[in-house]
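Chemist:
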Amino acid sequence: MMSIVDDVRATQADALKAIEGLTSSQLEAPGTIGKWSARDVILHIAMWTGECLKGFAVWKTGHDYDWNYAKEYLMFNDFWIKSCAHLGPDQVIQMFNLNYSALLNELTAVPEDLWKSRGGSPDWLSGIAVEHARQHIDKLNDYRNKVLHKISI
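To convert, count from 1 in the sequence shown and add 932; that's the numbering used here.
Right under this line is the structure:
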């Protein structure tokens, strides 16, 4: 199932590119992307990628993951931002990379026959780890372009 692997890998690379060249103070500037900082957005993507890891572990056993606990996702988002407020941008980026690398390792370790027997990649995987992340990456790119354009003027 190389398509999802390629998509996840590209999403990770695109997110990192979207924050490339930003200073710590630019990453931590509050309210630059909605109510969040760029650091908060990277943390948000990292945490939902971690949720994908849990869901994928269940999926590999032949069961469907019960996402009902995530109905209050806004509370989850707020909890993660508050509980990780002590982490600096480098630590958040490290967490982001660890979660994406772990997910990629899990995806590449699945034999092709398991992908086939489960009907391919679960829809939620691409929805969260790729499509949802890309919505935020677009906002990171907009912020980065605004900041870097302002600096170069």
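By construction, the Cβ of each residue, glycine as well, lies at the ideal position given by its N, Cα and C atoms.
Do the segment 979-996 and the segment 1056-1066 touch if we need at least three Cβ pairs shorter than 8 Å?
Modeler: Short answer: they touch.
Chemist: Which same chain residues end up closer than 6 Å to aspartate 894 when comparing Cβ atoms and leaving out the 5 residues on each side of it in sequence?
Modeler: Summary: the structure shown does not reach residue 894, with the chain confined to residues 933 through 1085, and so no result is reported for it.
Chemist: List the residues that DSSP assigns as beta-bridge partners of tryptophan 968.
Modeler: In DSSP, tryptophan 968 forms a bridge with Ile965.
Chemist: Can you grab the Cα-Cα spacing for the pair asparagine 1037 / serine 935, in whole Å?
Modeler: Straight-line Cα distance between these residues: approximately 14 Å.
Chemist: Taking the continuous alpha helix (DSSP H) assigned at serine 1033, which residues delimit it?
Modeler: 1021-1041 is the span of the alpha helix (DSSP H), which, as asked, contains serine 1033.
Chemist: Quick check: the segment 962-978 against the segment 1045-1057, are at least 3 beta-carbon pairs closer than 8 Å?
Modeler: No, the segment 1045-1057 is not in contact with the segment 962-978.
Chemist: For glutamate 952, does the three-state DSSP call read helix, strand or coil?
Modeler: If DSSP states are grouped into helix, strand and coil, glutamate 952 belongs with coil.
Chemist: Give the DSSP-derived three-state secondary structure of tyrosine 997 in the structure shown.
Modeler: Of the three classes helix, strand and coil, the one that applies to tyrosine 997 here is coil, per DSSP.
Chemist: Given a threshold of 16 other Cβ atoms within 10 Å of its Cβ, counted over all protein chains shown, does proline 1043 qualify as buried or as exposed?
Modeler: By the 10 Å Cβ count, proline 1043 comes out exposed.
Chemist: So is histidine 976 buried or exposed if we call it buried at 16+ other beta carbons inside 10 Å?
Modeler: With 16 or more Cβ atoms within 10 Å of its Cβ, histidine 976 is classed as buried.
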